[in-house]
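K.L.:
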Amino acid sequence: LLRFPGQAQASYYQTSAIDTAWSPEVEPLGSSLSYIDQGSKQAGPKVRLGITAAYAEEAPFGARQVRHAYIQAGDTVAFVIMDRKGKTPALPFHQTVVLQSQLLY
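For the sequence shown, the positions run 8 to 112 when the working numbering is used.
Here it is, written out as structure tokens:
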């Protein structure tokens, strides 16, 4: 969790340091190029709370696939990461992001 002095600073960080059109500005350690996670969008209901950006490491990703998301809730930006040997399933990742988003509120 990153906590900022106010919501404006958290929003600025979310839009300038993380979000880009298709992939994040900074990749998690051990991850190759990630793009918007289409599987997470199709896995279930959308996260209604907070501003969420979810990414998945694109193939070829090696022995492990990394999925990660950023959730902005007020003055806080949360980082959720999940990796697994082989392919990381979209549904458990999506459920984790939804639950973490709910906990932030």
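Note that CB positions come from ideal geometry on N, CA and C, so glycine has one too.
1. Would you check if the distance between the CB atom of Q102 and the CB atom of V87 is smaller than 7 Å?
2. Determine the DSSP secondary structure at L106, reduced to helix, strand or coil.
3. Could you check where the beta strand (DSSP E) with Y42 kicks off and where it finishes?
4. For R74 versus T95, is the C-beta spacing smaller than 7 Å?
5. Quick one: Cα of L111 to Cα of A80, how far?
6. With DSSP as the reference, please indicate the residues paired to Q72 in a beta bridge.
7. Could you tell me whether the Cβ atoms of D90 and F11 are closer together than 7 Å?
8. Can you have a look at A76 and say buried or exposed, based on whether 16 or more other CB atoms are within 10 angstroms of its CB?
P.N.:
So, from the data block:
1. What you label residue 102 is simply residue 95 of the sequence shown in a count that begins at 1. What you label residue 87 is simply residue 80 of the sequence shown in a count that begins at 1. No, the pair does not count as a contact, with Cβ atoms beyond the cut-off.
2. Within the sequence shown, residue 106 is the residue found at index 99, counting from 1. Looking at L106 - three-state DSSP - the assignment turns out to be helix.
3. Looking up residue 42 in the sequence shown gives position 35. Run containing Y42: 41-43, per the beta strand (DSSP E) assignment.
4. Mapped onto the sequence shown, residue 74 falls at position 67. Mapped onto the sequence shown, residue 95 falls at position 88. Contact: yes.
5. On the sequence shown, residue 111 is found 104 positions in, with the first residue counted as 1. On the sequence shown, residue 80 is found 73 positions in, with the first residue counted as 1. The alpha-carbon atoms of L111 and A80 are separated by roughly 6 Å.
6. Translated into the one-based positions of the sequence shown, residue 72 becomes position 65. Paired residue(s): R91.
7. Along the sequence shown, read from residue 1 onward, the residue named residue 90 stands at position 83. Along the sequence shown, read from residue 1 onward, the residue named residue 11 stands at position 4. For D90 and F11, no; Cβs fall outside 7 Å.
8. Numbered from its first residue, the sequence shown carries residue 76 at position 69. The residue in question, A76, is buried, as its Cβ has 16 or more Cβ neighbours within 10 Å.
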